[in-house]
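Worksheet for the structure shown next.
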Amino acid sequence: MSATTMFGLCGAAIVGLGLYGLITNPQPLRKIVAFNLIGSGVFMLFGGVARRGAAAGFGGDPVPQALVITGVVVAFSATALAVALLLRLFESTGSASLRDSMASAGTDPTDP
Amino acid sequence: MPYPAPGLDQATTSGGFLLVLSVVVPVVGILLAFAAGGRRAERIALATMPLGLVIVAAILVALRRADAPLIYLLGGWAPPLGLALRADGLSVVMMAITAIVIGAVGVFARADFATPHGSVEARAPFAFWILLLAVWGALNTVFVGGDLFTLYVALELLTFAAVPLVCLDGRAETLQAALRYLIFALLGSVLYLTGTVLLYGGYGTLDIVLLSRRVVADPATLVAAALMTVGLLAKTALFPLHLWLPPAHAGAPAAASAVLSALVVKGSFFIVVRLWFDVMPGLPGLTAAQLLAVLGAAAIVVGSVVALRQERLKLLIAYSTLAQIGYLFLMFPLAFDAASARLASGGALAGGVLQAISHATAKAAMFMSAGLIYAALGHDRITGLGGIGRALPVSVLAFALAGAALLGMPPSGAYLAKELLLQAAVETEQWWWAVAVQAGGIFTGSYVLLVLAHALASADEPVTLRVSVSRMQEAAALALALCSLLLGLLPWHGYLPIPDGIAPTPPAIAALAFTLWPVLGGLALAILLGRWSVRLARISSGRVVAATVGSPRRAALALAGTLERLDDLLSQWLAAGLALLLLAILFGAAMLAAQ
C-alpha cells in the first residue's frame, strides 16, 4: 500500500468518525468538534490528491494545497461563528442544547 | 492579457467586467459600512441597492447583445490555471430577481432597522444592513462562479451571512434555531467539499466548462456527484432534510425571513441545477432524477399538510416554503431526454427556474405582510386574525396577491412555470408528474385560502392595532406581490430555454379554469385540514359544512397527524442525519445503476 493510499484511507476513517459524532452526539459543542474532525479528514484527502497529481519534479500539486488553505480558513470562520452562537445561547439560557427549538420558535416574547 | 487565450470560452468577453462589479459592489458596501459605523450602515446599504440594480440591468443588456455567456477571466489567467466568472441566461435571471428582492427588502426594513437621529446606535440594525449586503454579494458569487470551489466558498459565505440574520433579536429560541441551521448547513457543505476533492483528484480541474467535457462515469465521480447533491439538498432544506428551516425562517424578523426564504435557499438550489445540468448532465440518469422529484413531491405533501395544521402565520409560511422547495425539484425527471440519456436544458428547466423566481418574489411579499400583521396585532395566531382584513387592507391584499401568484393564477410566473412543466410532462410521457404539478397548486391554494378566510372574517371585538403600520412597508410587500403576479408577461425567451408555443396568457376561459382548480381544490383541503376557530364553526353555514365534512375531516386529520409525527421525527438530529446518509447511498446507487 502506497503512502498516498494510506493517507486517503486515514482521511476517510476520520471523516467517518466525525460523521458519527456529528449525527449521534446531542451536545452542540461536540457537534462543532465533530465538524472540524470531518473537515480535517477532507483536508487529508486533499493532501493525498495533491501528492498523487504531482507533476515531474514537484513534491505535490500546488492547487489542492491552495484549496486546503482556503478550506481551513472557511472551517475556522464557521467554527468561530458556531462557538459565538453557542456562548450567546449559554449566556441567555444557562444551557446549551439544541432540543425543543421547534416548540418555541416564532413565538412572541411579550405574548402572554 | 499576458496569455492569449485558446478557444472561444477561454477569453474575457465584452461586458465580462460587469460580473466582477456585481460581486464587488455589495462587498465594497460592506467594507464602507463597517468603516463608517452603525449610523451610516443603512444609508450605505440603501445607496448600494440602486447601483446593483443598474449593474444587473447592464448585464441583462450585455447578455442579450452578445447572445452568448459573459465570461471574465480573473487576472487574465484561463482555466484550469485561473478562475473564470461566467454568466448565462440562468444566472442573469437569478441575479436580477435577487437585486429586486433585496431592494424591496431594503425599503421594507427601513422602518424596522432605522437608527434615527438622537437615538443610541444599536447592534441589530448595523448587523442587519451589513448582512443584507453580504447575502447579496454571496448570492451573486454563487450565480457567476465558474468553478466548483468558488461555488463552495460562495455557499459558505451565504450561510455565514444568513445564520446571524436568524438570531438578530438575540432571543434564546432564535439563537438555538440559528445554531441548528449553522451546524446542519456545515454538514451539508462538508459533503459538497468531499465531492469537489474527488472530482479534482479525478480530473485535475474544478472549472465547470472543462469538467463538463472531461467527466466520465467512473465510481469516484458518481460518489462525488451523490455526496455533492445530498450536501446541497441539506442546505436547500429539501424534505426530509429540513429540520433547520421552520424554526429558523419563522423566528427571524420579517425582513430577514423574507431574505432567507426567498433568496438564501435558492443559492444551493442553483448549484444543484449547475451540477446536474451543466457539469454532468449525462451522469445522474433517470432513476436519480426521479428520486429527486419523489423527494420534491413528498416535500409538497408533508410541507403543505403540516402548514395547514400550524397555529401561527409565520410558521405556516415557513412550512409553505418547505413545500415550494419541493416543487422546484419536480423539473429534474421532466428535463430528462430519453434519446440522449441526459438532462436537457429545455422547457422543464425554464419552468423550474421560473418557479424559483416566482416563489422568491411571492414568498418575500408573504413574509413581509405577515410581519406587518404580527407587528400590528402583537401576535400571529391564525385563528385570531379575524378583522385584520379591514384593519390592514393593503397588507392582506399583498398576502392575497402573493398567494394568487404562487398558486399559478395567470399571468403569474408560477402559471408560466406550471405550463412549461405540464408540457414537459406530456412530452416525456410522465403523467404522474403532471398530477404532482397540479396537486402542488391545489396544496398552495389550501393554505393561502385558510389564511385569507381567517383574515377576512369579522372580528369578535374591534381590532385595536398596537402600532400603526408604515405605508412604505405595505407598498414594498404589495410591489413584490404584484411583481410575482406579472412575471409571466416578461420576455423570457432571450434568457431561459422556453420552447415556442407557450403563451404568457391563456384565453380567458382557460385562465379561469386554471385559477379555479387550485382554488376549489384548495378550499376543500383547507376545510378538511385547517384549524378553524370555534366562532366560525358556530355560524349557521359553518354548522352545515361541519355536518357534511365531519367524518372525512376526521379521517383527513388522522392522516395529517401521521404526517405531523413524521415531521417531528425528522426534526430530530438522529433521524435527519440518518436520512442524509441514506439519501447519499440511494443517490449513489441510482447513479451507478444508470450506467
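These protein sequences, in sequence, are chains A and B. What the first sequence shows, in the numbering used here, is residues 314 to 425, in sequence order. What the second sequence shows, in the numbering used here, is residues 65 to 659, in sequence order. A virtual CB, placed ideally from N, CA and C, is assigned to each residue, including glycine.
Inter-residue CB distance, residue i and residue j (contact presumed, cutoff 8 Å)
| i | j | result |
| --- | --- | --- |
| B:Leu638 | A:Ile336 | 6 Å |
| B:Leu441 | B:Arg530 | 7 Å |
| B:Val328 | B:Ala226 | 5 Å |
| B:Leu355 | B:Gly415 | Incorrect: roughly 19 Å between the Cβ atoms, too far for contact. |
| B:Ala109 | B:Ala97 | 6 Å |
| B:Ala289 | B:Leu347 | 6 Å |
Minimum Cβ-Cβ distance from residue i to chain B less than 9 Å
| i | result |
| --- | --- |
| A:Thr318 | no |
| A:Leu322 | no |
| A:Phe359 | yes |
| A:Thr348 | Before going on, a small fix: residue 348 of chain A reads as Phe here, not Thr. Interface residue, yes. |
| A:Gly366 | yes |
| A:Ile327 | no |
| A:Gly372 | no |
| A:Leu332 | yes |
Buried or exposed (CB count within 10 angstroms, at least 16 for buried), residue i
| i | result |
| --- | --- |
| B:Gly625 | exposed |
| A:Val385 | exposed |
| B:Ser522 | exposed |
| B:Asp271 | buried |
| B:Pro474 | buried |
| B:Ser404 | exposed |
| B:Ile573 | exposed |
| B:Asp632 | exposed |
| B:Ile421 | buried |
| B:Pro397 | buried |
| B:Arg187 | exposed |
| A:Met319 | exposed |
| B:Thr300 | buried |
| B:Asp524 | exposed |
| A:Phe356 | buried |
| B:Glu185 | exposed |
| B:His423 | buried |
Collapsed DSSP secondary structure at residue i in the structure displayed
| i | result |
| --- | --- |
| A:Gly419 | Confidence at A:Gly419 is low in this model, with a pLDDT of 41, below 50, so the placement of that residue should be treated as unreliable; the coordinate-derived value is given next. Looking at A:Gly419 - three-state DSSP - the assignment turns out to be coil, as it is neither helix nor strand. |
| B:Phe303 | coil |
| B:Arg150 | strand |
| B:Phe400 | strand |
| B:Asp444 | coil |
| B:Tyr559 | coil |
| B:Gly505 | helix |
| B:Leu270 | coil |
| B:Asp211 | strand |
| B:Ile381 | helix |
| B:Arg406 | strand |
| B:Arg376 | strand |
| B:Ile566 | coil |
| B:Leu662 | Outside the shown range of chain B, which is 65 to 659, sits residue 662 of chain B, and nothing can be said about it. |
| B:Leu145 | coil |
| B:Leu14 | Residue 14 of chain B lies beyond the residue range present for chain B, which begins at 65 and ends at 659; the question has no answer from this structure. |
CB contact below 9 Å: residue i versus chain A
| i | result |
| --- | --- |
| B:Ala288 | no |
| B:Ile247 | yes |
| B:Ala160 | no |
| B:Trp637 | yes |
| B:Leu327 | no |
| B:Gln537 | no |
| B:Ala620 | no |
| B:Tyr264 | yes |
| B:Gln240 | yes |
| B:Leu642 | yes |
| B:Leu645 | yes |
| B:Gly268 | yes |
| B:Leu243 | yes |
Test: residue i CB closer than 9 Å to a CB of chain E
| i | result |
| --- | --- |
| B:Val87 | In the structure shown, chain E cannot be found, because the protein chains are A and B. |
heavy atom of the ligand SAH below 8 Å from residue i C-beta
| i | result |
| --- | --- |
| B:His181 | In the structure on display, the ligand SAH does not appear, and there are no ligands present to speak of. |
Inset, instruction - Note down, in chain order, all residues in the stretch 383 to 395 of chain A with a beta-carbon under 7 Å from any beta-carbon belonging to chain B. - result: Thr383, Gly384, Val387, Ser390, Ala391, Leu394, Ala395
Legend entry - Selection of the stretch 400 to 411 of chain A by Cβ proximity to chain B, strictly under 7 Å: Arg401, Leu402, Ser405, Thr406, Leu411
Inset, instruction - Could you run through the stretch 214 to 237 of chain B and flag, in chain order, every residue whose CB is less than 9 Å away from some CB of chain A? - result: Tyr216, Val217, Glu220, Leu221, Thr223, Phe224, Val227, Pro228, Cys231, Asp233, Gly234, Arg235, Ala236, Glu237
Inset, instruction - Mind checking the stretch 249 to 262 of chain B against chain A and listing, in chain order, the residues whose C-beta falls within less than 7 Å of any C-beta there? - result: Leu250, Leu251, Val254, Leu257, Thr258, Val261
Inset, instruction - Could you please tell me which residues of the stretch 339 to 362 of chain B, in chain order, have their CB closer than 7 Å to any CB of chain A? - result: none
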